[in-house]
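Enquirer: So the sequence shown is numbered by UniProt numbering: it starts at 1 and just counts up by one.
Idealized CB from N, CA, C, for every residue including glycine.
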Amino acid sequence: MNHTLLVTSSPRRADSLSTRFAAEIAEGIQARNGGPLTVRDLAANPPPHITPAYIEGRITSPEDRTPEQAAAVKVAQEFVDELKAADVIVLGSGMINFGLPSQLKAWFDHVTWPGVTFSYGGAGPQGLLTGKKVYLVTAAGGVFSEGAWAPFDFQNNYLLHLLGFIGLTDVEVIRVEGTVLGPDVANAAIANTETAIKALLAKAA
Numbered sequence: 001m002n003h004t005l006l007v008t009s010s011p012r013r014a015d016s017l018s019t020r021f022a023a024e025i026a027e028g029i030q031a032r033n034g035g036p037l038t039v040r041d042l043a044a045n046p047p048p049h050i051t052p053a054y055i056e057g058r059i060t061s062p063e064d065r066t067p068e069q070a071a072a073v074k075v076a077q078e079f080v081d082e083l084k085a086a087d088v089i090v091l092g093s094g095m096i097n098f099g100l101p102s103q104l105k106a107w108f109d110h111v112t113w114p115g116v117t118f119s120y121g122g123a124g125p126q127g128l129l130t131g132k133k134v135y136l137v138t139a140a141g142g143v144f145s146e147g148a149w150a151p152f153d154f155q156n157n158y159l160l161h162l163l164g165f166i167g168l169t170d171v172e173v174i175r176v177e178g179t180v181l182g183p184d185v186a187n188a189a190i191a192n193t194e195t196a197i198k199a200l201l202a203k204a205a
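1) Which of the three DSSP states, helix, strand or coil, is assigned to Ile50?
2) How do the segment 147 to 157 and the segment 111 to 129 stand: do at least 3 beta-carbon pairs fall below 8 angstroms, yes or no?
3) Judging by CA-CA distance, which residue of Ala76, Ala43, Gly34 and Val39 is the nearest neighbour of Ala53?
4) Using the Cβ count rule (16 or more neighbours within 10 Å means buried), how would you classify Ala123?
5) Could you tell me the alpha carbon to alpha carbon distance between Met95 and Ala204, rounded to whole angstroms?
6) Tell me whether Gly141 sits in a helix, a strand or coil according to DSSP, three-state version.
7) Determine, using beta-carbon pairs with one atom in the segment 171 to 180 and one in the segment 132 to 139, whether at least three such pairs fall under 8 angstroms.
8) From Gln126, Leu6 and Glu68, pick the residue whose C-alpha is nearest to that of Ala20; which is it?
9) From Arg32 to Tyr158, what does the alpha carbon distance come to, in whole angstroms?
10) By Cβ distance, which residues of its chain are closer than 6 angstroms to Val90, with the 5 residues on each side in sequence left out?
11) Compare the C-alpha of Pro125 against each of Asp87, Pro46, Val143 and Gly164 and name the closest.
12) Which residues in the same chain as Val73 place their Cβ atom closer than 6 angstroms to its Cβ, once the five residues preceding and following it in sequence are excluded?
13) At the level of alpha carbons, what is the spacing between Pro62 and Ala148?
14) Work out the CA separation of Asn2 and Pro67 for me, nearest whole Å.
15) Measure the beta-carbon distance from Leu162 to Thr112 and round it to whole angstroms, keeping in mind my assumption that it falls under 8 angstroms.
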């Protein structure tokens with residue numbers, strides 16, 4: 001059995017295509033492979049932005065942390081524990097101003113933890129969360145995978161970098177694009193994504 005972690009982040013919640021399709025993938029994998037499904041909805045429960053209490057607390061021994069530092073580190077530890085427990089991670093992100101939602105960035109700021117999810121060595125940084133499969137679902141109103149707007153995609157490349165930095169390098173990307181370019185383009189994008197997910201789930205079974 002596999003443990004699946006679903007992380008969604010779009011402020012559009014139920015109306016979000018990244019949330020919809022990420023949930024469809026996570027639930028499909030969980031139904032086929034069994035095991036628990038953990039859901040982390042960052043829009044419903046946004047993580048705090050990191051503070052000096054977290055920055056200082058994570059390098060302070062637990063017995064020496066102030067109450068404020070202990071509370072800040074506890075938030076990060078909960079996120080990291082969910083990642084460590086998961087065999088499969090499904091991450092949903094809807095583009096906001098060419099990048100990822102701020103609550104997802106805050107989540108990454110907590111889980112990118114020196115000595116816990118990555119380390120520095122003679123060969124440079126090394127991710128420590130290895131051996132996991134990631135499905136990254138990103139949505140955008142325009143088309144950013146190619147064409148004139150491709151240089152302005154600060155969502156996908158950045159997310160892939162962050163995931164790889166902490167050791168999550170086995171990533172399959174599912175893009176939903178062009179949803180504000182008229183109903184025909186939007187419907188085609190949704191239909192293409194549905195087809196891609198069916199193929200993905202058949203392969204993952």
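Expert: The structure says:
1) coil
2) no
3) Ala76
4) exposed
5) 26 angstroms
6) coil
7) yes
8) The sequence given here places Arg at residue 20; Ala does not occur at that position. That would be Leu6, whose Cα lies nearest to the Cα of Arg20.
9) 31 angstroms
10) Leu6, Ala22, Ile25, Ala26 and Tyr135
11) Gly164
12) Gly57 and Arg58
13) 50 angstroms
14) 36 angstroms
15) 7 angstroms
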